[in-house]
Amino acid sequence: MREWHNRAWIIVIAAISLISPCAANAQQRQIDTNKSVMVIHVGKSGVFSGFAHNHVIAAPIISGRVSTSNPLSVELRVDARTLRVRDPDASEKDRNEIQKTMLGPEVLDSERHPEIAFKSGAVEAQGAGHWTVRGELTLLEQTRPVTAEVMEKAGHYTGHATVKQTDFGIKPVKVARGTVKVKDEVQVEFDIQLAP
């Protein structure tokens, strides 16, 4: 009888050792970078802003993960060199010029500082499928606090956040002697899906 109990415990311990890694993996899920989308909306201000285009910029997520266990957390990375201007009302020539300025040394300086990263610090539930995510955004090797509102529906984590360029030492672009300029605050929207 004692021998049977010993064998039973060995079987239980072996089963736990096999199950535990699977449970740990289930708590850490990778972001599906092929299905996830992040877009930056850059507005205009100034006397003649009505004659200028607002900018729409695609910011592909290159990697990231979400912890679905307590404490909840999220991390993601964007390569600044992959940002692309998608202004629907601008000509290809204008889009290329805007992109050159955006990625150049006066704004993102993407060749010297390619990494843009976000890491959550606190995730607060606001109701079913709604969270306030507070974390740190690193851009141009400077880290500042950012808050995002996130909603989940049918496996899509959608949300938005506001980022001030001057918080990261970026001087908003001005043209036409300042009669048209980029707003300091930019709006970031995202639709994130997790890999199976």
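The C-terminal position of the sequence shown is numbered 195 in numbering that gives the first Met the number 0, with every residue numbered one higher than the one before it. We treat Cβ as the ideally placed atom computed from N, Cα and C, and that holds for glycine.
- As computed with DSSP, Thr100 is found in no beta bridge at all.
- Exclusion of the five residues before and after Gln125 leaves Thr131 as the residues of its chain whose Cβ lies within less than 7 Å of its Cβ.
- In chain order, Val84 and Asp86 place their CB closer than 7 Å to the CB of Arg94, counting only its own chain and leaving out the 5 sequence neighbours on each side.
- Within the segment 99-162, the runs of beta strand (DSSP E) at least 3 residues long that lie entirely inside it are, in chain order, 114-126, 129-138 and 141-152.
- Taking a cut-off of 8 Å for Cβ pairs, the segment 180-193 and the segment 34-45 touch, as three or more such pairs fall below it.
- Under the three-state reduction of DSSP, Asp88 is assigned to coil, being neither helix nor strand.
- Ala79 sits in a helix when the DSSP states are folded into three classes.
- Proximity of the segment 160-169 to the segment 137-144 meets the contact definition, three or more beta-carbon pairs being nearer than 8 Å.
- With fewer than 16 other Cβ atoms from the protein chains shown falling within 10 Å of its own Cβ, Gly120 counts as exposed.
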